[in-house]
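Asker: Let me begin by handing over the structure; questions about it come next.
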Amino acid sequence: MRYELVKPCARLAPYVKHFAISENESEQSYNVLPDTSLVMGFQYRGALSHVEGDVQRPLAQNGITGILDACRVFKNVSDTRSILVVFNEAGASQFIAEPLQKLYSQSLSLNDLVKDYHLSLVQEQLLESSGDVQRLACIEQFLLTNMTGREADKLVEAAIDLIDNSQGTIRIEAMARQLNTSLSPLEKRFRAIVGTTPKKYATIVRMKRMLQALEINDKQKADYLLDFYDQSHFIHQFKKFTSLTPQQYYKQYRKAD
23 MRYELVKPCA RLAPYVKHFA ISENESEQSY NVLPDTSLVM GFQYRGALSH VEGDVQRPLA
83 QNGITGILDA CRVFKNVSDT RSILVVFNEA GASQFIAEPL QKLYSQSLSL NDLVKDYHLS
143 LVQEQLLESS GDVQRLACIE QFLLTNMTGR EADKLVEAAI DLIDNSQGTI RIEAMARQLN
203 TSLSPLEKRF RAIVGTTPKK YATIVRMKRM LQALEINDKQ KADYLLDFYD QSHFIHQFKK
263 FTSLTPQQYY KQYRKAD
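The numbering of the sequence shown is this note's numbering, which starts it at 23 and goes up by one.
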């Protein structure tokens, strides 16, 4: 298995965190936890599916996955190769004209969102490319061609910063007051640009920080974040986020160490 991260070019850096070159020689299933980034994928060999119980739903060769509300299982056939575009929190809105809440908890084909001939061209180029450098150049050109020119939403960016800096603990109503706006327009703009509500985004940030604290055995930080849940709600949220109870997750992580 190969999973290599590559930084984008300077023009794309404000919108793209990184590219990921993913190569899996063997068939396997794997969990993907909720994150604050939308991910665009280009498969140039093999196939991927979303697995729900006994049902496998094939994914499009070129697709995008919105912000997830729960842990999701994906499966690849043997010798599957893809390049993933992992966007900054507000970055995908620069390439998708539709409001991003339409992608919430969805994995959709790019054919539904961008011009067909752009996709046909990039897929042809990926198949003809002789290596990573050429493939990444094809995808960068595809993204540059499909930039919407949308101006950055400073209010949404400020909200993202406040949530991130608070580790997801800020109260959304208090945040709106701090930003000198009311809750309804803030939520509407946030959903369109980020792909989910500020509250759900904050929950993802808080859970991610808690998992990081558990993994490094930072009990003080984990306990601080735990204070923002009641016990039953926390266990439910944790299992939804990771597919495991806190005890199962901790045991599994320590076993992996």
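We put the beta carbon where it would ideally sit given N, CA and C, even for glycine.
#1: Report the start-end ranges of each beta strand (DSSP E) in the region 114-154 that is 3 residues or longer and not cut off at the edges.
#2: Tell me the DSSP secondary structure of valine 178 in three-state form.
#3: Got a sec, what are the start and stop residues for the beta strand (DSSP E) isoleucine 280 sits in?
#4: Measuring only the C-alpha atoms, how far is lysine 176 from aspartate 101?
#5: State the CB to CB distance for the pair glutamine 123 and arginine 213, rounded to an integer number of angstroms; the pair is presumed to be in contact (CB under 8 Å).
#6: Between which two residues does the alpha helix (DSSP H) harbouring glutamine 242 extend?
#7: In whole angstroms, what separates the C-alpha of tyrosine 271 from that of serine 48?
#8: Report the rounded CA-to-CA distance for aspartate 344 versus glutamate 179, giving the unit in angstroms.
#9: Is leucine 34 closer than 9 Å to glutamate 237 when the C-beta atoms are compared?
#10: Within 10 angstroms of its Cβ, does methionine 306 collect 16 or more other Cβ (buried), or is it exposed?
#11: Using a threshold of 9 Å, state whether the C-beta atoms of alanine 181 and valine 108 are closer than that.
#12: From the DSSP output, which residues share a beta bridge with valine 107?
#13: Roughly how many whole angstroms lie between the Cα atoms of serine 131 and isoleucine 89?
#14: Just to confirm, are alanine 198 and leucine 208 a CB contact at a threshold of 9 Å?
#15: Which class does tyrosine 280 belong to by DSSP, given the choice of helix, strand or coil?
#16: Let's test the definition: count the other Cβ atoms within 10 Å of the Cβ of serine 204 and tell me whether it reaches 16, buried, or not, exposed.
#17: Specify, as a first and last residue, the run of the alpha helix (DSSP H) that valine 54 falls within.
#18: Within the continuous alpha helix (DSSP H) that includes tyrosine 223, where are the two ends?
#19: Where does the unbroken alpha helix (DSSP H) through leucine 90 begin, and where does it stop?
Answerer: Concretely, from the data shown:
#1: 129-131
#2: helix
#3: In the structure displayed, the chain extends from 23 to 279; residue 280 sits before or after that span and is not available.
#4: 43 Å
#5: 4 Å
#6: 241-248
#7: 25 Å
#8: As displayed, the chain neither begins before 23 nor continues past 279, which places residue 344 out of reach and without an answer.
#9: no
#10: Residue 306 lies beyond the range of the chain shown here (23 to 279); nothing can be said about it.
#11: no
#12: Phe41 and Met62
#13: 15 Å
#14: yes
#15: Residue numbering for the chain in the displayed model covers 23 to 279; residue 280 lies beyond these limits and cannot be assessed.
#16: exposed
#17: Counting along the chain, valine 54 falls outside any alpha helix (DSSP H), though it belongs to the beta strand (DSSP E) covering 50-54.
#18: 220-237
#19: Premise fails: leucine 90 is in no alpha helix (DSSP H) and is neither H nor E.
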